[in-house]
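**Student:** Chains as they are written, first to last, in the working numbering: chain A, 3 to 107; chain B, 108 to 406.
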Amino acid sequence: MADLNLFGSEGFQDPVVSEESPPLKQEEESAVAILETRPMKKAKKKPRKGKRKKKYSGHEIFSFLFSAAIIALVIWFFVLRKEVIFNVSEYPPNAFELHRHANKG
Amino acid sequence: MLAISIRSGWLRYAHADVSDGTLVVNSLKATKLSKDFHRPDLRSPDLLVFLGIIFQDMIESLPVHDKEVFLSLDERWIDCQIFPVDKGLTRDEQESYLRWFLERRLGPLWPTSSVFFQELKSNGSDRDWIMTCIIPENALEALNIVLKRAGTVPVWLEPSTLSLARTVSGDEASVVFIKDGRSVRALFFFGGTIHAFGQPIIRNGIVSMGTITGDQGMVSTVISMINDIKPRSTKSPTVSIKFMGQLPGKWKGFISSKKRYLQQINPLDSFTLAKDAKLNVNDPSDFGEVAGLLHRRIM
């Protein structure tokens, strides 16, 4: 196996345990033996993840926004409409004349 | 020990202890690096600061007594290639040739680069194959300084490809397809030694190689062998075909059509994981390099 240690010396390196690596302890050597003799576990089949289902569909979001808009309009109509002037009365020209003469008199 | 991997914008690491004769992985973690670190300027004086930011929090969160650091970096940090040289050359001649060749290849970057070579075990080819790794001197120095400042001992540094190769290699001729985000890597082995690697492409169920370094003749033979496998054929291929992780896109079809000839690899299978380590791992295949470094520690 290729084993290049870039913390080691530049140029050609032999595929051996690096000089910087501390010598293996006895228990570590036995660990290698255990790992080598241990039967490889069968890779567990991971259940395939399907396409993540959206929490809300576009239709649901639209319905929610539409109903919220209707509710807002209803509240506005009954609560705030008094502030809105629906009929604007103006003086017709003859009424203006009468009003001016009355003021002069 | 600490096994750290930086690959495709992710920092992944394992903290492990040798206990009761086995290597026990105490924790496995993955952190997405900010975009500033995806393609760092390895020759910039600011690299030291960048690396400090990457490693500081991680090392501080771990027990103080774990001082050995084994590090694996992707091709953004280490340029790793396999070059052919004529057979029968001495070690000095090989090195002189490669240095001459690389000097022309790297141009003005050559004087500030550190290069490392290793001859690969022969695969019967008419040429010898040399694994070559290049890293900017500044990056190497900055990594050493940052890790030492953090109170750790930098023991091992290698390119991601070699960490993965250690994890997935067997004793025989094989090819391993490895998930790498939205793309796939392929590693080609002969006699348990890596002889080529690159990025494969799949179109209409036919596999080909996009980029490749190493013994192209061997790769062509293996790829045509894979493409020749018929879904219901009883004849098994002479090369063992493995894969690691859920391969993306059209590769899913490839896996399902050739299921009976493919072997899936779980890089963490051969390690004992502590309870906390299990909780933090979503996809074990992302920890291929980390597993390679853990194997390196117990070799």
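A virtual CB, placed ideally from N, CA and C, is assigned to each residue, including glycine.
#1: To which residues of the same chain is Gln370(B) closer than 6 Å at the C-beta, ignoring the five residues directly before and after it?
#2: Count the other CB atoms within 10 Å of the CB of Phe64(A); is the residue buried (16 or more) or exposed (fewer)?
#3: Is Leu6(A) close to chain B, meaning its C-beta is less than 8 Å from at least one C-beta of that chain?
#4: Going by DSSP in three states, Ala4(A) sits in which element: helix, strand or coil?
#5: Given this structure, state the Cα-to-Cα distance separating Gln188(B) from Glu62(A), to the nearest angstrom.
#6: With DSSP collapsed to three states, give me the class of Lys44(A).
#7: Can you pull the chain B neighbours of Glu62(A), defined as C-beta to C-beta under 7 Å?
#8: Since Lys174(B) and Val253(B) are thought to touch, with beta carbons under 8 Å apart, how far apart are those beta carbons, to the nearest angstrom?
#9: Determine, for Ile301(B), whether the minimum Cβ-Cβ distance to residues of chain A falls below 8 Å.
#10: Answer with yes or no whether the minimum CB distance from Ala272(B) to chain A is below 8 Å.
#11: Within 8 Å (strictly less), CB to CB, does Trp358(B) reach chain A?
#12: Determine the chain A residues that contact Gln225(B) at a beta-carbon separation under 9 Å, and present them in chain order.
#13: Would you check if the distance between the CB atom of Ala227(B) and the CB atom of Leu158(B) is smaller than 8 Å?
#14: Could you tell me which whole alpha helix (DSSP H) segments of length 4 or greater appear in the segment 264-333 of chain B?
#15: With a cut-off of 8 Å on the beta carbons, I'd call Ile333(B) and Val314(B) a contact; round off their distance for me.
#16: Does the beta carbon of Met42(A) come closer than 8 Å to any beta carbon on chain B?
#17: Can you tell me whether Val397(B) is buried or exposed, with buried defined as 16 or more other CB within 10 angstroms of its CB?
#18: According to DSSP, is Ile113(B) part of a helix, a strand, or is it coil?
#19: Can you tell which of Thr197(B), Pro147(B), Ser141(B) has the C-alpha that lies nearest to the C-alpha of Ile185(B)?
#20: If Arg403(B) and Arg273(B) are in contact, beta carbons under 8 Å, what's the gap, nearest whole angstrom?
#21: Does DSSP classify Trp184(B) as helix, strand or coil?
#22: What does Glu167(B) reach in chain A if we use C-beta pairs closer than 9 Å?
#23: Going by beta-carbon coordinates alone, are Arg150(B) and Pro215(B) separated by less than 8 Å?
#24: Only counting the same chain, and skipping five residues up and downstream in sequence, which positions put a Cβ closer than 7 Å to that of Thr320(B)?
#25: According to DSSP, Ala123(B) sits in a beta bridge with which residue or residues?
#26: Please report how far the alpha carbon of Gly195(B) lies from the alpha carbon of Asn230(B), in whole angstroms.
#27: Name the chain A residues that come within less than 7 Å of Leu247(B), Cβ to Cβ?
#28: Who are the Cβ neighbours of Asp383(B) in its own chain at under 6 Å, not counting the five residues just before and after it?
#29: Could you round the C-beta distance between Arg119(B) and Phe394(B) to whole angstroms and report it? I think they count as a contact, below 8 Å.
#30: Closest Cβ-Cβ distance between Glu210(B) and chain A: below 8 Å?
#31: For chain A, find out if any of its Cβ atoms is closer than 8 Å to the Cβ of Glu294(B); answer yes or no.
#32: Given a threshold of 16 other Cβ atoms within 10 Å of its Cβ, counted over all protein chains shown, does Lys365(B) qualify as buried or as exposed?
#33: According to DSSP, is Gly352(B) helix, strand or coil?
#34: What is the DSSP secondary structure of Ile161(B), reduced to helix, strand or coil?
#35: Does Trp263(B) get closer than 8 Å to chain A when you measure Cβ to Cβ?
**Tutor:** The short version:
#1: Lys349
#2: exposed
#3: yes
#4: coil
#5: 54 Å
#6: Bear in mind that a pLDDT of 42 at Lys44(A), under 50, signals an unreliable position, so the model cannot answer this.
#7: Result: empty, since nearest Cβ-Cβ is about 30 Å, beyond 7 Å.
#8: About 14 Å separates the two Cβ atoms, so there is no contact after all.
#9: yes
#10: yes
#11: no
#12: Ala4, Asp5, Leu6, Phe14, Gln15, Asp16, Pro17
#13: Inspection of the sequence shows that residue 227(B) is occupied by Leu rather than by Ala. Not closer than 8 Å, so no.
#14: 267-275
#15: 6 Å
#16: Bear in mind that a pLDDT of 39 at Met42(A), under 50, signals an unreliable position, so the model cannot answer this.
#17: buried
#18: strand
#19: Pro147(B)
#20: 6 Å
#21: coil
#22: Correct list: empty, because the minimum Cβ distance to chain A is about 22 Å.
#23: no
#24: Gln188, Ile189, Ala303, Phe304, Gly305
#25: Val132(B)
#26: 15 Å
#27: Leu8
#28: Ser134
#29: 6 Å
#30: no
#31: This sequence places Leu at residue 294(B); Glu is not what is there. Not an interface residue.
#32: buried
#33: coil
#34: helix
#35: yes
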